[in-house]
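Residue numbers (this note's numbering), protein chains in the order written: chain A, 729 to 1171; chain B, -15 to 44.
C-beta atoms are modelled at their ideal positions from N, C-alpha and C, and glycine is treated no differently.
In this text the structure is predicted, and so the values were computed from the model without any measurement.
Notes follow once the structure below has been shown.
Here it is as structure tokens:
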């Protein structure tokens, strides 16, 4: 056999032994590579390197309390290599007095050696030991490490205790053993260092979906649903955010080109103009019709502008744009009012002396306007001028389109920021939520 | 998500192009069919739906 040979056949390599503590049958799946093995009947931790299986430690805990999600002995393919689950341990850290536990599965392949799967709240990592040391450095005021050209930001340092073990381990495992664990993240990867005395072990984990583990080990049912955001969980938004802003930029440029194109190609031609006087004190019918005028070109807007000399008064104009040939009319009303004055706050104005409206989709043809002015009586005469312009570009649509493009991009960015906020909220570098310290503001 | 946004953006720009080309507007206009030709001779005989207008005569 050589390290470069094919993957092991599916035939199990199990060495049968008996626990010296309780006499229960033991299966040693990783042969001589196991350093310790735990009896799942009496929870004796045994020296797997000793032919007599010397008892190293015994602890009291029912196996049923912590059943491994991946049963020991289960086989599955991780990254194309067949592994067998041989060991399981639970490790716990205390943060502000609250215990947080995760589970580690020891996987074994006779040619590839050991590999690990870790699970916390439904988040899984495929982990392997590093063969080279990362470089410690400082990045943006934080401690970080660099490994193979990639920078990993410090996430958390904590004291992790082993609180439950089962199966085989390639090290001297003990329940109650405590190590300093430091995690550095660069999603989807995490670098972890474990310090025990003067010895430091580095490993790299890569985030893996629970359903991929279930598929790899052909396990029935569904994996636990992930809770929250894990330290190296890849953000579903971060890669999209840059791309979406790039696309937004392209759309904005195209929008600008469209605006210039429509503005320059619009006819924007005056079709009608007329000046009128409305005597507010006159009695009788005030409505009248204008001379016919021609609207040419394709179906497009007709912008009707009204300019008046109202002064602290108003005029309301009932308009009907009527097609002389078809009898189709566009009815609308426009108010023009302008008020001004002076009070304790200074001078003020309200309204405007002019108004314009774009009548949508007016087909070409011969039209005239029916105009019916209204106002309060006693305001004297009101002069007003009506101007009709054909095919005027509506820039409000460009603003609406820009907003419609901007909102989803901003929403995705916000979700990306929120995702990172949730990630780092669980770290040693949690962003400040709000300032609740009122003691320092009294002087 | 990128593809969805791309499709969405194309639809937005397509609608914008159609709105500009077809001369759409946000203005509220009431379309009336078959207005009699006599309106030219007797404008008072036609009353639009906007004819009854109660104006706010406020100011500051």
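In angstroms, rounded to a whole number, what distance separates the CA positions of residue 1013 of chain A and residue 1099 of chain A? Here residue 1013 of chain A corresponds to residue number 285 of the first chain, with the count starting at 1. Here residue 1099 of chain A corresponds to residue number 371 of the first chain, with the count starting at 1. If you take the alpha carbons of residue 1013 of chain A and residue 1099 of chain A, they lie about 11 Å apart.
Who are the near neighbours of residue 738 of chain A in its chain, counting only those whose CB is closer than 8 Å to its CB and skipping five residues on each side? On the first chain, residue 738 of chain A is found 10 positions in, with the first residue counted as 1. Reliability of the predicted coordinates at residue 738 of chain A is poor, the pLDDT of 47 falling under 50, and no value is obtained from them.
Under 7 Å, Cβ to Cβ, is there at least one residue of chain A near residue 3 of chain B? Within the second chain, residue 3 of chain B is the residue found at index 19, counting from 1. Answer yes: the Cβ-Cβ gap between residue 3 of chain B and chain A drops below 7 Å somewhere.
Expressed to the nearest angstrom, what Euclidean distance is found between the alpha-carbon atoms of residue 917 of chain A and residue 1119 of chain A? On the first chain, position 189 is the one that residue 917 of chain A refers to. On the first chain, position 391 is the one that residue 1119 of chain A refers to. Taking the straight line from one Cα to the other gives about 58 Å.
Entirely within the segment 855 to 916 of chain A and at least 3 residues each: give me those beta strand (DSSP E) ranges in chain order. 863 to 867, 870 to 875, 878 to 897 and 906 to 914
If you draw a straight line from the alpha carbon of residue 881 of chain A to that of residue 975 of chain A, how long is it in whole angstroms? For the purposes of this step, residue 881 of chain A is taken as residue 153 along the first chain, with counting starting at 1. For the purposes of this step, residue 975 of chain A is taken as residue 247 along the first chain, with counting starting at 1. Cα-Cα distance, rounded: 29 Å.
Rounded to a whole number of angstroms, what is the C-alpha to C-alpha distance between residue 731 of chain A and residue 921 of chain A? Here residue 731 of chain A corresponds to residue number 3 of the first chain, with the count starting at 1. Here residue 921 of chain A corresponds to residue number 193 of the first chain, with the count starting at 1. Legend: pLDDT at residue 731 of chain A = 38, less than 50; position of this residue unreliable, value from coordinates given subsequently. If you take the alpha carbons of residue 731 of chain A and residue 921 of chain A, they lie about 27 Å apart.
Taking the C-alpha atoms as reference points, what is the distance between residue 835 of chain A and residue 1147 of chain A? Here the question's residue 835 of chain A lines up with position 107 in the first chain. Here the question's residue 1147 of chain A lines up with position 419 in the first chain. Cα to Cα, the separation comes out at about 31 Å.
Short Cβ contact (7 Å threshold) for residue 860 of chain A with residue 843 of chain A: As a first step, residue 860 of chain A must be located in the first chain, where it is residue number 132. As a first step, residue 843 of chain A must be located in the first chain, where it is residue number 115. The answer is no: Cβ separation not under 7 Å.
Inter-residue spacing [alpha-carbon to alpha-carbon] between residue 1071 of chain A and residue 11 of chain B: Counting from 1 along the first chain, the entry for residue 1071 of chain A is found at position 343. Counting from 1 along the second chain, the entry for residue 11 of chain B is found at position 27. Computed Cα separation, rounded: 35 Å.
Tell me where the beta strand (DSSP E) around residue 818 of chain A begins and ends. By 1-based counting over the first chain, the position of residue 818 of chain A is 90. Segment 809 to 823, the beta strand (DSSP E) holding residue 818 of chain A.
Going by the CB atoms, is the gap between residue 755 of chain A and residue 814 of chain A shorter than 7 Å? By 1-based counting over the first chain, the position of residue 814 of chain A is 86. By 1-based counting over the first chain, the position of residue 755 of chain A is 27. Their beta carbons are not under 7 Å apart, which means residue 814 of chain A does not touch residue 755 of chain A by this criterion.
Of the residues A:777, A:822 and A:1132, which one's Cα is nearest the Cα of residue 980 of chain A? The residue given as residue 980 of chain A occupies position 252 in the first chain. Among A:777, A:822 and A:1132, the Cα nearest to that of residue 980 of chain A is on A:1132.
Rounding to the nearest angstrom, what Cα-Cα distance links residue 800 of chain A and residue 761 of chain A in this structure? Residue mapping note: residue 800 of chain A aligns to position 72 of the first chain, counting from 1. Residue mapping note: residue 761 of chain A aligns to position 33 of the first chain, counting from 1. Answer to the nearest angstrom: the Cα atoms are 16 Å apart.
Could you have a look at residue 1143 of chain A and say whether DSSP puts it in helix, strand or coil? Residue mapping note: residue 1143 of chain A aligns to position 415 of the first chain, counting from 1. Residue 1143 of chain A: helix per DSSP, three-state reduction.
Rounded to whole angstroms, what's the CA-CA distance from residue 1167 of chain A to residue 885 of chain A? Just pull it up for me. Residue mapping note: residue 1167 of chain A aligns to position 439 of the first chain, counting from 1. Residue mapping note: residue 885 of chain A aligns to position 157 of the first chain, counting from 1. The predicted model places residue 1167 of chain A with a pLDDT of 40, which falls under 50 and marks its position as unreliable; any figure quoted below should be read in that light. Approximately 30 Å, taken between the alpha carbons.
Cβ-based burial, residue 1151 of chain A [other Cβ within 10 Å; buried from 16]: For the purposes of this step, residue 1151 of chain A is taken as residue 423 along the first chain, with counting starting at 1. So residue 1151 of chain A ends up on the buried side.
Leaving out five residues on either side along the sequence, give the residues of the same chain with a beta carbon under 6 Å from the beta carbon of residue 1003 of chain A. For the purposes of this step, residue 1003 of chain A is taken as residue 275 along the first chain, with counting starting at 1. Contacts found: 1113.
Please give me, in chain order, every unbroken run of the beta strand (DSSP E) with length at least 3 that falls completely inside the segment 1084 to 1118 of chain A. 1093 to 1102 and 1109 to 1118
Could you list which residues in chain A have their beta carbon closer than 8 Å to that of residue 28 of chain B, in chain order? In the second chain, counting from the first residue as 1, residue 28 of chain B sits at position 44. Contacts between residue 28 of chain B and chain A, judged by CB atoms closer than 8 Å, involve 1013 and 1015 in chain order.
As assigned by DSSP and simplified to three states, the class of residue -13 of chain B: Position 3 of the second chain, counted from the start, is the residue given in the question as residue -13 of chain B. Of the three classes helix, strand and coil, the one that applies to residue -13 of chain B here is helix, per DSSP.
Amino acids of chain B, ordered along the chain, whose beta-carbon sits closer than 9 Å to that of residue 1098 of chain A: Locating residue 1098 of chain A in the first chain gives position 370, where the first residue counts as 1. Simply 19, 23, 24, 27, 30 and 32.
By the three-class DSSP mapping on this structure, what secondary structure does residue 8 of chain B have? The residue you call residue 8 of chain B lines up with position 24 of the second chain. Residue state, collapsed to three classes: coil.
Euclidean distance between Cα positions of residue 1097 of chain A and residue 1058 of chain A: Indexing the first chain from 1 puts residue 1097 of chain A at position 369. Indexing the first chain from 1 puts residue 1058 of chain A at position 330. So the alpha carbons of these two residues sit roughly 9 Å apart.
Alpha carbon to alpha carbon, what distance is there between residue 889 of chain A and residue 907 of chain A? On the first chain, position 179 is the one that residue 907 of chain A refers to. On the first chain, position 161 is the one that residue 889 of chain A refers to. One C-alpha to the other measures close to 7 Å.
Does the segment 1019 to 1036 of chain A come close enough to the segment 6 to 22 of chain B to have 3 or more Cβ pairs within less than 8 Å? yes
Below 7 Å between beta carbons: does that hold for residue 949 of chain A and residue 850 of chain A? Here residue 949 of chain A refers to the residue found at position 221 when the first chain is read from its first residue. Here residue 850 of chain A refers to the residue found at position 122 when the first chain is read from its first residue. No. Outside cutoff.
Separation of residue 895 of chain A from residue 777 of chain A, as counted between CA atoms: Counting from 1 along the first chain, the entry for residue 777 of chain A is found at position 49. Counting from 1 along the first chain, the entry for residue 895 of chain A is found at position 167. For residue 777 of chain A and residue 895 of chain A, the distance between alpha carbons rounds to 14 Å.
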